[in-house]
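*Asks:*
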Amino acid sequence: MGAGLSDLHRHLDGSLRKATLEELAAHVGVSLPADIRFRAGMGLDGALACFRLTLSVLQTLEAVRRVAAEMCEDAAADDVTTLEVRFAPQLHGQPIGDVIDAALDGIAGRAGLVLCALYGEDPASVME
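Everything in the sequence shown is counted per our numbering, starting at 55 for the first residue and increasing by one.
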């Protein structure tokens with residue numbers, strides 16, 4: 055076995071397992087299009103549409119915790135030994151500190167966490 059891979063830019067809200075996305079969507083009553091996936095060349099508008107959809111099912115602390123944990127499992131299965139999970143906690147419909155704690159619980163020391171503030175947002179929105 056080699057030294058392992060590094061992934062320093064894996065989005066929490068862009069890395070859901072298909073089965074998890076389907077389950078979470080059904081739980082909150084969100085309809086999914088037949089083909090939802092990120093792909094090379096899709097452009098910014100297409101990518102943002104995917105993120106809007108995935109964010110709509112990641113509005114509970116349990117969903118954030120679960121997806122963070124599954125990301126670490128999937129990365130390990132892909133021989134990723136260094137992982138940084140990035141996301142904007144203010145977009146998850148719960149108090150920012152609670153969302154961060156849920157993500158930390160999910161990664162359970164298996165990854166780093168990169169918190170994102172979004173361009174154009176009021177800086178106060180992330181200063182919790």
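For every residue, glycine included, the Cβ atom is placed at its ideal position computed from N, Cα and C.
Could you tell me if P143 is buried or exposed, where buried requires 16 or more neighbouring beta carbons within 10 angstroms of its beta carbon?
*Replies:* For the purposes of this step, residue 143 is identified with residue 89 of the sequence shown, where counting begins at 1. Classification for P143: buried.
*Asks:* Starting from R120, follow the alpha helix (DSSP H) in both directions and report where the run begins and ends.
*Replies:* On the sequence shown, residue 120 is found 66 positions in, with the first residue counted as 1. From DSSP, the alpha helix (DSSP H) with R120 extends over L115 to A131.
*Asks:* Could you tell me whether the stretch 79–90 touches the stretch 119–139, where touching means 3 or more Cβ pairs closer than 8 angstroms?
*Replies:* The stretch 79–90 vs the stretch 119–139: no contact.
*Asks:* Any idea which residues DSSP pairs H65 with across the strands?
*Replies:* Here residue 65 refers to the residue found at position 11 when the sequence shown is read from its first residue. R140, per the DSSP bridge assignment.
*Asks:* Who pairs with G12 in a beta bridge, going by DSSP?
*Replies:* Any property of residue 12 remains undetermined from this structure, which presents the chain solely from 55 to 182.
*Asks:* Give me the DSSP bridge partner(s) of G166.
*Replies:* Mapped onto the sequence shown, residue 166 falls at position 112. DSSP lists E138 as partners of G166.
*Asks:* Using three-state DSSP, classify L59 as helix, strand or coil.
*Replies:* Position 5 of the sequence shown, counted from the first residue, corresponds to residue 59. DSSP places L59 in strand when its eight states are reduced to three.
*Asks:* Let me confirm a value: L112 is counted as buried when at least 16 other C-beta atoms fall within 10 Å, else exposed. Which label applies?
*Replies:* By one-based count along the sequence shown, residue 112 stands at place 58. Buried is the call here.
*Asks:* Starting from S85, follow the alpha helix (DSSP H) in both directions and report where the run begins and ends.
*Replies:* By 1-based counting over the sequence shown, the position of residue 85 is 31. Counting along the chain, S85 falls outside any alpha helix (DSSP H), and DSSP gives it neither H nor E.
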